[in-house]
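For reference, the structure is listed below as structure tokens.
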Amino acid sequence: MHSSQRLQLPSVKIVFTFIVVLLPLHSRAAPPEAPEVRVARDLLALPEEKLNIGEAALKLGATVDGDTDLAEGLRIVDALATRVQVLVSNRTDADYRIRATNQVLFRVAGYTYDKEDPLGARLDASSLWRLLRTKKGNCVSLPILWYAVAERLGYPVKMVEAPQHFFLRYESGDDRSNIEATSNGAEASDERIVRELSVTPKALKTGAMMRSLTKRELLGALIAETAARQLRDWNIGLGAQLSELALKAYPNSIAAHWNLAIAYNHRASMRNALRTPGEVDVPGGKVQAKEDTRAALAHAEEATRLGAPAPLTRDYWTRVSSIGGTEVGGTRPTPKPFDVASLLRPGGQSIQLTLDAPPALLESARRDPGSCMRICANLCGPSPGNRCANF
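Using UniProt numbering, the first residue of the sequence shown is number 1, and each one after it goes up by one.
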């Protein structure tokens, strides 16, 4: 065998591995369903009255946090609920129930916002189990814990979505209070949350933000959050499948549409970058790339129509942590709608984001998308072992 023939073999292996990992959604022979997808499907199959959000959050969190102990997690939630019940006794007024829950969760048990990871960069940042284990959480896990305890006690509490944020709303007759779990359970008005987190008028009009969610919609939101974590870990196909499932429960989920826009954009970029060992386009790759691009744009437009917020900024945690408590007057300019399609870029954006490549190399990739694979090889080393093979 000639040396040139031997050198081609690893490239052939990587191309086929790459296609199997990257393009699972439209394969002719459907692969076995991923365990993460089965978990989401099983939860969606439950009637709403039998849906336990605390348990659902632990099960979904286990898909990104392998250390999750479901039984222990449920035991901790039950124990917290018991402590609250001892304080509340037979009282039914909303203010007393809220204060008792805050006392147990934030002062006695010591749950708090994770200031070391304010933007949720950790893969398991939103995991309820991680919060129960470390006492540190974020804008997803802290409200979910509060909700799970209230759920055990039968309190009329709903979850509400704001830009990259969840808070709780106690609703019973004339009692209506917003609860900021990231601010030790402090109260905040709708007006202040809208102002501080720059909720767009469009999101208010469509009901995609600031509306009390049903349990099923909340489940959809949690599935969309899990999907976003999978996308962060470059499980593109899995993240897309979970996002599609999230939309079944929560059609107005900006997060799910955003996830799908990014997932299809990555797939289109990768299809454009794929080459056979002879530097020939993969058969059908360009057509499939156009289909993925159209799908990415459709989901981006839907997220924009619903009133998508701009991506997180560095001062996000400071803004969120100061929402609760004493109301402070002031105004902010009306936030402009964020065009999610502006995130979609040609030339292999997914490779750029992952590698943090030098600008000159990225500009080369933009001019010639096919060069992306060569750039990967230059940056990450020869195949096998090239990070591109792991996408």
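Just so you know, even glycine gets a beta-carbon here, dropped at the ideal spot from N, CA and C.
With residue 170 as the anchor, note down where its alpha helix (DSSP H) starts and where it stops. Note, residue 170: premise wrong, no alpha helix (DSSP H); beta strand (DSSP E) at 165 to 172.
Would you mind stating whether residue 259 and residue 221 have Cβ atoms separated by less than 8 Å? no
Return helix, strand or coil for residue 136, following the three-state DSSP convention. strand
Hey, is the stretch 262 to 271 in contact with the stretch 287 to 300, meaning 3+ C-beta pairs nearer than 8 Å? yes
Can you give me the Cβ contacts of residue 61 inside the same chain, cut-off strictly under 6 Å, excluding the 5 residues immediately before and after it? 68, 127, 128, 129
Any chance you could list the beta strand (DSSP E) runs of at least 3 consecutive residues sitting entirely within the UniProt domain "Protein SirB1 N-terminal" (77 to 219), in chain order? 157 to 162, 165 to 172, 175 to 180
Who are the near neighbours of residue 198 in its chain, counting only those whose CB is closer than 6 Å to its CB and skipping five residues on each side? 335
Measure the alpha-carbon distance for residue 32 versus residue 169 and round it to whole angstroms. 40 Å
Check residue 237 in the structure and name its three-state DSSP category. helix
For residue 200, count the other beta carbons within 10 Å of its own beta carbon; 16 or more makes it buried, fewer makes it exposed. Which is it? buried
Does the distance from the C-beta atom of residue 252 to that of residue 207 stay below 8 Å? yes
Candidates 153, 301, 183, 247: closest to residue 342 by CA position: 301
Do residue 84 and residue 54 come within 8 Å of each other at the CB atom, strictly closer than that value? no
Using the rule of at least 16 other Cβ atoms within 10 Å of the residue's Cβ for burial, across every protein chain shown, is residue 192 buried or exposed? buried
Alpha-carbon spacing of residue 47 relative to residue 39, whole angstroms: 15 Å
Rounded Cβ spacing between residue 167 and residue 178 (contact assumed at less than 8 Å): 6 Å
Reducing DSSP to helix, strand and coil, say where residue 50 ends up. helix
Local conformation of residue 336 per DSSP, three classes: coil
Among 111, 36, 63, 205, the one whose alpha carbon lies nearest that of residue 307: 205
For residue 161 versus residue 213, is the C-beta distance shorter than 8 Å? yes
So residue 44 and residue 248 are supposed to be a Cβ contact under 8 Å. How far apart are they, rounded? 6 Å
Do residue 81 and residue 152 have their beta-carbon atoms positioned less than 8 Å apart in this structure? yes
Excluding the five sequence neighbours on either side, which residues of its own chain have a C-beta within less than 7 Å of the C-beta of residue 217, listed in chain order? 249, 250
Go through its chain and collect everything with a Cβ distance to residue 329's Cβ below 6 Å, but skip five positions before and after it. Residue placement at residue 329 cannot be trusted, given a pLDDT of 47 that sits under 50; what the coordinates show is reported in the next sentence. Closer than 6 Å at the Cβ level, and outside the excluded window around residue 329, lies no residue.
For residue 225 and residue 246, I'd like the C-alpha separation in whole angstroms. 9 Å
Just to confirm, does residue 252 get its C-beta within under 7 Å of one of the non-hydrogen atoms of the ligand ATP? Among the components of this structure there are no ligands whatsoever, and the ligand ATP is therefore not found.
Residues in the same chain with beta-carbon distance under 7 Å from residue 233, minus the five sequence neighbours each way, listed in chain order, please. 123
When you compare the CB positions of residue 101 and residue 139, do they come within less than 8 Å of one another, or not? no
The alpha helix (DSSP H) spanning residue 36 covers which residue range? 35 to 44
Have a look at residue 50 and residue 238 and give me their C-alpha separation to the nearest angstrom. 26 Å
Which class does residue 342 belong to by DSSP, given the choice of helix, strand or coil? helix
Look at the alpha carbon of residue 255 and the alpha carbon of residue 235, and state the distance between them as a whole number of angstroms. 16 Å
Roughly how far, in whole angstroms, is the beta-carbon of residue 108 from the beta-carbon of residue 242, given that I think they are within contact range, below 8 Å? In fact, because the Cβ distance is near 35 Å, the residues do not count as touching under 8 Å.
Under a three-way DSSP split, which group does residue 67 fall into? coil
By the three-class DSSP mapping on this structure, what secondary structure does residue 259 have? helix
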